[in-house]
Amino acid sequence: MFSTENLLGVSVKALNTAYTSISNNTFDENISFDSDLILQGSSESLLNDDGLVTGNRNPNPNAIFSGAAVEVDFNGDGKNDKFWRNEQTGETAIWLMDGVNPNAETLRDVDAAWDFAFADFNADNKTDIFWRNKASGENVVWQMDGTNINSQETIQKIDSNWDFSIAEFNGDRKSDILWRNAETGENAAWIMDGKNVVTAAFLPTTDLIWNYDITDFNNDGKTDVFWRNSVTGENAAWFMDGVNANAFAVQELDTSWNPTFGDFNGDSRADILWSNQASGENEVWIMNGTLFNDVLFNEETLDQLSSAWQANTGDFNGDGRTDIFWHNTETGENTAWLMNGGSILTKAFLPSNDLAWEPSFGDYTGNGKTDVFWRNSSTGGTAIWMMDGTIAEGEYLPDIESGWNTF
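Residues in the sequence shown are numbered consecutively from 10, following the working numbering.
1. Measuring alpha carbon to alpha carbon, tell me which residue in 199, 275 and 193 is nearest residue 331.
2. Quick check: the Cα distance between residue 269 and residue 154, rounded to an integer number of angstroms?
3. So, with DSSP's three-state summary, where would you put residue 249?
4. Who are residue 308's beta bridge partners in DSSP?
5. Determine the DSSP secondary structure at residue 167, reduced to helix, strand or coil.
6. Could you check how far apart the C-beta atoms of residue 351 and residue 273 are, in whole angstroms? I think they sit under 8 Å.
7. With contact counted as at least three CB pairs below 8 Å, one residue from each stretch, are the region 374-393 and the region 405-412 in contact?
8. With the cut-off set at 9 Å, would you say residue 163 and residue 179 are in Cβ contact?
9. Excluding the 5 residues preceding and the 5 following residue 156 in the sequence, name in chain order all residues of the same chain whose CB lies nearer than 6 Å to its CB.
10. Quick one: what does DSSP say residue 64 is sitting in, helix, strand or coil?
11. Within the continuous beta strand (DSSP E) that includes residue 237, where are the two ends?
12. When the Cα of residue 304 is compared with those of 233, 286 and 186, which residue comes out closest?
13. Are there 16 or more other CB atoms within 10 angstroms of the CB of residue 152, so buried, or fewer, so exposed?
14. Might you give, ordered along the chain, the residues of its own chain that have their beta carbon closer than 7 Å to the beta carbon of residue 201, omitting 5 neighbours on each side?
15. In angstroms, rounded to a whole number, what distance separates the CA positions of residue 227 and residue 278?
16. In three-state terms, what does DSSP make of residue 256?
17. Whose C-alpha, out of 223, 265, 247 and 246, is nearest the C-alpha of residue 239?
18. Measure the C-alpha to C-alpha separation of residue 299 and residue 293 and round it to an integer number of angstroms.
19. Looking at the secondary structure, which residues open and close the beta strand (DSSP E) in which residue 220 lies?
20. Verify whether the separation of the beta carbon atoms of residue 391 and residue 357 is less than 9 Å.
21. Helix, strand or coil, according to DSSP, for residue 229 in the structure here?
22. Among 191, 319 and 193, which has the Cα closest to the Cα of residue 364?
23. Would you call the region 211-222 and the region 135-144 touching, i.e. three or more CB-CB distances under 8 Å?
24. Please report how far the alpha carbon of residue 415 lies from the alpha carbon of residue 397, in whole angstroms.
25. How is residue 94 classed by DSSP in three states: helix, strand or coil?
26. Determine the closest residue to residue 198 out of 271, 80, 210 and 181, with distance taken between C-alpha atoms.
27. Drop a sphere of 10 angstroms on the beta-carbon of residue 406, count the other beta-carbons inside from all chains shown, and report buried for 16 or more, exposed for fewer.
28. To the nearest angstrom, how far is the alpha carbon of residue 121 from that of residue 146?
29. Between the Cα of residue 98 and those of 80, 173, 203 and 119, spot the shortest distance and give me the residue it belongs to.
30. For residue 384, name the three-state secondary structure that DSSP assigns.
31. Any idea if residue 401 is buried or exposed, counting beta-carbon neighbours within 10 angstroms, 16 or more meaning buried?
32. Taking the straight line between their C-alpha atoms, what separation do you get for residue 259 and residue 248?
33. Leaving out five residues on either side along the sequence, give the residues of the same chain with a beta carbon under 6 Å from the beta carbon of residue 174.
34. State buried or exposed for residue 334, treating a residue as buried only when at least 16 other CB atoms are found within 10 Å of its CB.
35. Enumerate in chain order the residues of its own chain whose CB-to-CB distance from residue 237 is below 6 Å, with the five nearest sequence positions on each side excluded.
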């Protein structure tokens, strides 16, 4: 629960390690920033003059893939930022990113009973934070302006059995909330305007064996809901229009396949990368409209990898099409696939890392190309790979003690 002192007053605690921890131009052998490896890529690389796209912003116009509720940007400068949370102490902090020069500020303390998600409730293109107390059912919105909490508003309390996801159901670019009851399978939507719940409505109830993801299949600027049955492998989609759900069937796929969503052909409609955790097979489903009550996809088979490879998505060459970053959770190897629909335009190995380094993704330089942020959970180290297609330029950032998690 928020303590009264920390709720009303900004914490003045400093992060325990500061910029003095940066080792200028020195690199730990456990994270490979070897310049030869970074520039060399791989013999598999197919990159040509058309493979890299210049420009300052990712051209994908659909805010579902690039808005402040998805790409964390607290000050609206077009550079993704990092949110830090220490669940042991309750401290929170923000790094406003400018390439390899983060500006760090602490925020208010929030104890571990509170879950959070990123949103943009007022459509100002600056990321806000939605807090939910999983014990008491309390809900709080922080409307952000850089490292300043412009307002902290309590909104309607809801029973703690309800889990939440941030969505955007009516196309006004203001984040909404999807609620799912973890005991009954009930679903509901809140249409939001800032801190105000404009409309609240129940949606159809779904059995608890159905899991969901939020995306936009039809490029109407309104998030849809993809449902997957964890027992049978059945799939379905709700095309959303405010609090109205239009249900469509999606082809069934057995439960060994895991979905990851992106826009691999740049048409602003969500596609699906399927990875088989048993066989290592991979395929892409490219969204191709609807017919009657069915969602249609074009299926393309990709290269097979062992199940140790974990798929992550970004746009590493800034062409508006989702690419795939593969991280091997057993060896620390990394490889990038630049995508063109269901085809791999370019693939290249990147430097390998010690397994203590975990990646997250964002455009930290504002050039429209996804970068890789590395966090060492053992040593507290942080580093960044600034990406240009399959070429990575690595720099260390300040160390932050291992009790802090980054998002």
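From the three backbone atoms N, C-alpha and C, an ideal C-beta is built for every residue, glycine too. Only a predicted model underlies this, so the values are computations on that prediction, with no experimental measurement involved.
By the coordinates alone:
1. Of the candidates 199, 275 and 193, the residue whose Cα lies closest to the Cα of residue 331 is 275.
2. Cα to Cα, the separation comes out at about 31 Å.
3. Strand, per DSSP.
4. Bridge partners of residue 308: 294.
5. Looking at residue 167 - three-state DSSP - the assignment turns out to be coil, as it is neither helix nor strand.
6. Yes, residue 351 and residue 273 are in contact; Cβ-Cβ is about 7 Å, under 8 Å.
7. A contact exists between the region 374-393 and the region 405-412.
8. One thing to note: residue 163 has its Cβ no nearer than 9 Å to the Cβ of residue 179.
9. Closer than 6 Å at Cβ, skipping near neighbours: 103 and 114.
10. The pLDDT assigned to residue 64 is 35, lower than 50, so where the model puts this residue is not dependable, and the model offers no usable value.
11. That run of the beta strand (DSSP E) goes 233-238.
12. Of the candidates 233, 286 and 186, the one whose C-alpha sits nearest the C-alpha of residue 304 is 233.
13. Label assigned to residue 152: buried.
14. 130, 183, 184, 185, 186 and 207.
15. Counting only the Cα atoms, residue 278 lies some 5 Å from residue 227.
16. DSSP places residue 256 in strand when its eight states are reduced to three.
17. Of 223, 265, 247 and 246, the residue nearest in Cα terms is 265.
18. Answer to the nearest angstrom: the Cα atoms are 17 Å apart.
19. Per DSSP, residue 220 belongs to the beta strand (DSSP E) from 219-224.
20. The answer is no: Cβ separation not under 9 Å.
21. Correct three-state label for residue 229: coil.
22. Nearest of 191, 319 and 193 to residue 364, Cα basis: 319.
23. Judged by Cβ distances under 8 Å, the region 211-222 makes no contact with the region 135-144, as fewer than three pairs qualify.
24. So the alpha carbons of these two residues sit roughly 23 Å apart.
25. Shown here, residue 94 sits in a strand according to DSSP, grouped into three states.
26. It is 210.
27. Buried: at least 16 other Cβ atoms inside 10 Å.
28. For residue 121 and residue 146, the distance between alpha carbons rounds to 14 Å.
29. Taking only the C-alpha atoms, the option nearest residue 98 is 119.
30. Looking at residue 384 - three-state DSSP - the assignment turns out to be strand.
31. Residue environment analysis places residue 401 among the buried positions, since at least 16 neighbouring C-beta atoms fall within 10 angstroms of its C-beta.
32. For the pair residue 259 and residue 248, the Cα-to-Cα distance works out to about 12 Å.
33. Contacts found: 187 and 223.
34. In summary, residue 334 is buried, with 16 or more beta-carbon neighbours lying within 10 Å of its beta-carbon over all protein chains present.
35. Once the five neighbours on either side are set aside, the close Cβ partners of residue 237 are 220 and 244.
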